[in-house]
Amino acid sequence: MLFCFIVESIRVFAPATVANVACGFDIFGFAVASPGDEVILTRSETPGVRITDIIGDEGRLPREASRNTAGISIQTYLKHIGQPDLGIEMVLNKQMPLGSGLGSSAASAVAGVYAVNELLGRPLTPLQLLPFAMEGERVACGSAHADNVGPSLLGGFVMVRSYNPLDVVRIQTPASLFCTLVHPDIEVNTKDARFILKNEVSLKNTIIQMGNVAGLIAGLMTPDYDLISRSLVDVIIEPVRSILIPEFNEVKQAALDAGALGCSISGSGPSMFALSRDADTAEQIGAAMQQAFLAVGITSEAYVSEINQEGPKVLA
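Written out as structure tokens, the structure reads:
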């Protein structure tokens with residue numbers, strides 16, 4: 001089937017995400033309102049995908065499409081629909097820091113593949129776009145996981161039930177559930193954060209983690225805020241990765257003291273997230289977490305939002 005451009009150019013925003021969500025390593029993730037990445041795609045008479053500019057990366061990201069998360073996602077998509085030589089120029093605007101634990105590479109990949117699908121008149125559904133966005137993650141960190149690209153692409157809270165075959169499910173969340181995200185001005189490399197993880201887990205901790213995973217899903221869908229709070233506990237990944245984040249325990253305790261239902265690492269870190277029941281509490285939690293980082297000389301950025309149910313969006 002021949003696909004044609006329906007517009008000359010398009011600009012798309014894709015949101016940041018919180019992955020793992022404490023107990024759900026590689027299987028849970030949810031989207032937030034901000035920050036996020038933007039791409040601008042423009043049709044070209046020159047065959048192939050070309051990156052004409054990347055803004056906000058300080059020159060650190062590859063300009064070659066096949067080595068760039070957004071570029072490879074678009075290329076994989078075009079190959080799938082049988083149009084690998086369609087001419088597309090891309091400008092990528094990085095609006096979140098690299099190595100932040102906010103799903104930066106995922107947001108770029110999602111923005112790219114969502115934009116090209118819109119540019120061609122939406123031949124595929126958002127769910128069908130997921131494997132192409134996952135290819136961007138493979139380029140970024142060597143693993144095509146879906147806990148960031150899933151919620152960034154589909155919006156809301158996402159559970160990855162299976163990777164083979166891929167089975168991604170959106171989970172209902174309470175309307176008044178708020179997220180506080182705090183990004184300290186340090187960087188943690190995703191590959192390094194994966195390297196330090198243990199290959200084996202005790203049966204005792206596996207059972208505890210399974211209970212928390214089930215409890216969190218039940219708490220979100222009921223909704224039962226006390227159950228959500230009791231279930232936001234990670235006994236497997238957090239104890240290992242928290243050593244990469246200065247003052248982790250102090251920042252986490254500051255969030256809990258300020259009223260958080262729970263607090264843990266966002267993705268592979270160093271960003272940390274907390275959940276709460278209202279916007280005012282979420283703001284207070286952010287201030288408390290930032291103050292705890294600042295006590296040891298670490299500045300940070302804080303973001304507060306409800307769970308973003310929309311996912312990517314076309315901008316004017």
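The sequence shown: position 151 = 151 (UniProt numbering), numbered continuously. For glycine and all other residues, C-beta sits at the position ideal for the given N, C-alpha and C.
DSSP places F195 in the helix class (H, G or I) of the three-state scheme.
Assigned with DSSP and collapsed to three states, C141 falls in helix. Within the DSSP secondary-structure output, T42 pairs in a beta bridge with S9, E89. Boundaries of the alpha helix (DSSP H) around I228: 225-231.
Within the same chain, and ignoring the five residues on either side of I245 in sequence, the residues whose Cβ sits closer than 6 Å to its Cβ are G269, P270. A direct Cα-Cα distance of roughly 16 Å separates L124 from V314. The C-beta distance from T173 to L227 rounds to 13 Å, too long to meet the 8 Å contact threshold.
When DSSP states are grouped into helix, strand and coil, D234 belongs to the coil group.
Per DSSP, the unbroken alpha helix (DSSP H) holding S104 starts and ends at 104-119.
F3 has its alpha-carbon roughly 11 Å from the corresponding atom of P84. The residue from I208, A140, G82, D280 with its alpha-carbon nearest to that of S176 is D280.
Burial is judged here by how many other beta carbons sit within 10 angstroms of a residue's own beta carbon; Q284 has at least 16 and is buried. Counting every other CB atom within 10 Å of its CB across the protein chains shown gives R161 a total below 16, marking it as exposed. Under the three-state reduction of DSSP output, V188 falls in the coil class, being neither helix nor strand.
Straight through space, the alpha carbons of K204 and G71 are spaced by roughly 43 Å.
In chain order, G156, F157, V158, M159, I217, L220, M221 place their CB closer than 8 Å to the CB of I171, counting only its own chain and leaving out the 5 sequence neighbours on each side. Assigned with DSSP and collapsed to three states, D278 falls in coil, not helix or strand. At the C-beta level, A31 and S152 come within 7 Å of one another.
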